[in-house]
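Under the working numbering, think of the first position of the sequence shown as 260, with each following residue one higher.
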Amino acid sequence: MRGAGGPRVDLPVLPVVRLGTLRVTAGSEPTLFALPQHAESALSVVAERRRGTKFVELPCQSIINTPESTGMEFWSVNPYVGCEFGCSYCYARFAHTYVVDRARTRGRLHVPLGREPFEQRIFVKRRSSVLRALDIDLRKFRRRKIRDGTQTLLIGSGTDPYQPAERLYQITRTILDRLRAERGIRIGIITKSPLICRDLDLLKEVGRRNLVSVYISLISADISVIKQFEARSPMPHARLRALQKLTGNGIRAGLLVAPVLPGITDTVPQIELLMTEARAAGAHFAHPVPLRMYADTRARVFPILAKVYPHFVARYKENYYHDQNVSDIYHEALRARFREIGQRFGIHDTGSERDYTKPPTVPSPQLTLWQS
Ligand code: SF4
């Protein structure tokens with residue numbers, strides 16, 4: 260199979276496609292993808308859905324990000340760039356813009372200038388290069404582990420590793436399969452998709468010699484909130500069923516409540532509803548992360564607020580005017596609220612250990628200013 264004018268590609272197109280209809284774009288899109296004849300390294304569109312999503316193969320030399328390269332405390336892997344779930348609050352759009360701009364600048368991707376839809380052009384890391392890069396990067400990872408002790412590897416820190424593309428390309432599965440040979444690693448996986456249950460056996464196997472934790476990402480158990488802010492992602496009941504299946508099979512799993520939307524999903528009834536469902540699904544933890552507002556996020560979240568929560572618009576502007584993060588006071592109060600409700604519902608792990616070393620010292624006016 261060949262992309263438009265590009266080299267032969269090695270991504271398999273699997274026969275079973277459950278989400279949408281897929282058609283191969285061999286030679287199509289002469290305008291958007293008129294790649295130069297000599298461009299051996301041109302990126303290929305390997306498949307396209309009828310509704311317009313394109314999958315573009317992306318070779319990679321490195322697959323595991325070091326903590327230094329991301330500024331985060333863990334190592335991370337993201338098999339895909341872009342995500343069909345397209346949540347309004349997603350902060351991973353900048354990475355997609357970066358990949359598109361870099362490919363365009365190097366003459367590897369011929370698309371008109373302008374913003375690339377994050378949810379409609381999904382970059383899929385090429386399987387053969389992923390395996391090569393994993394071998395190299397895991398050697399670095401192991402050296403650091405020997406020097407500094409246990410390290411954490413997070414799969415899906417940027418985009419969902421079980422987004423619909425994974426059903427086709429199985430890059431996350433390929434990575435997990437490779438991790439079976441490792442030992443003594445803390446491995447975290449963040450996803451909104453019940454597709455993770457496909458890899459249950461693999462998760463168990465990797466978990467025999469490593470500490471595997473699955474973070475099912477869910478901002479609310481209230482369907483109306485999900486439809487407002489992330490209409491294309493799996494509905495709460497599907498995610499909670501997946502959570503139950505994971506915990507029922509002995510996997511350490513819980514909720515990543517990210518982002519918590521001030522005034523909307525941080526209220527006591529909202530958190531109690533979430534904890535009720537989390538408890539029923541056997542959640543081991545529920546970790547809240549407040550909303551961050553980047554330029555891309557603002558452009559998508561504010562129209563929803565204006566339409567559905569107009570009474571909060573001024574408040575959001577005020578809170579996020581000077582900073583993309585919430586204030587420390589709000590953050591502390593949110594953690595305290597999760598902790599208190601979590602205790603009542605028997606979910607005692609509601610924050611990282613680091614969070615608990617610093618108990619809230621300031622009473623939070625913001626919790627009363629917003630809503631109870
Ligand atoms: S599922 Fe995650 S990565 Fe995908 S759009 Fe939503 S927030 Fe972004």
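Note that CB positions come from ideal geometry on N, CA and C, so glycine has one too. Note that the coordinates shown come from a computational prediction; the quantities given were computed from them, not determined experimentally.
In the DSSP assignment, Leu515 forms a beta bridge with Ser476 and His546. Secondary structure of Tyr553 (DSSP, three-state): coil. Look at the beta carbons and you see the stretch 380 to 387 touching the stretch 332 to 352: at least three pairs across the two are nearer than 8 Å.
Per DSSP, Ala306 is not a residue of any alpha helix (DSSP H); the beta strand (DSSP E) it occupies stretches across Val304 to Arg308. For the stretch 391 to 439, the full-length alpha helix (DSSP H) segments reaching 4 residues or more read 423 to 428 and 430 to 438 along the chain. Of the residues assessed, Ile405 falls on the exposed side of the cut-off, its CB having fewer than 16 other CB atoms within 10 angstroms.
Here the alpha carbons of Glu375 and His355 stand approximately 8 Å from one another.
Relative to the ligand SF4, the beta carbon of Cys456 is positioned no closer than 7 Å to any heavy atom. In the structure shown, Thr325 falls within a coil segment according to DSSP collapsed to helix, strand and coil. Short note on Ser492: C-beta closer than 7 Å to some heavy atom of the ligand SF4. Contact between Val548 and Val516 holds, with the beta-carbon distance rounding to 7 Å and staying under 8 Å. Judged by their CB atoms, Ala539 and Thr506 are not nearer to each other than the 8 Å cut-off.
By the neighbour-count criterion, in which 16 or more other beta carbons inside 10 Å mark a residue as buried, Ala554 falls on the exposed side. When the beta-carbon positions are compared, Ile510 and Gly466 come within less than 8 Å of each other.
For the ligand SF4, no non-hydrogen atom lies closer than 7 Å to the CB of Phe488. DSSP places Ile444 outside any alpha helix (DSSP H), giving it a letter other than H or E. With distances taken between CA atoms, Ser452 lies nearest to Arg500 out of Glu307, Arg500 and Arg596.
Taking 7 Å as the cut-off, the C-beta of Phe382 does not count as close to any heavy atom of the ligand SF4. In the assembly as shown, Val572 is an exposed residue. Its beta-carbon has fewer than 16 other beta-carbons within 10 Å.
The beta carbon of Leu413 sits closer than 6 Å to the beta carbons of Phe333, Ser335 and Gly447 from its chain, once the five residues preceding and following it are set aside; these are given in chain order.
Inclusion of Val484 and Ile600 in the CB contact set at 8 Å is not warranted, their separation being larger than that value. When rounded, the separation of the alpha-carbon atoms in Arg557 and His581 is 13 Å. Nearest C-alpha to Ile444 among Val471, Gln379 and Arg498: Val471. Pairing Met552 with Ile606 gives a Cβ-Cβ distance that is not under 8 Å.
Put simply, the backbone Cα of Ala490 is about 9 Å away from that of Ser347.
Annotation for Gly513 indicates a beta carbon at 7 Å or more from all heavy atoms of the ligand SF4. Between Leu390 and Arg442, the CB-CB gap reaches or exceeds 8 Å.
In this model, Asn324 and Cys349 are separated by some 20 Å (Cα to Cα). Taking C-beta separations shorter than 7 Å and ignoring five residues to either side along the sequence, the partners of Thr431 in its chain run Pro338, Ile414, Pro420, Tyr421 and Glu425, following chain order.
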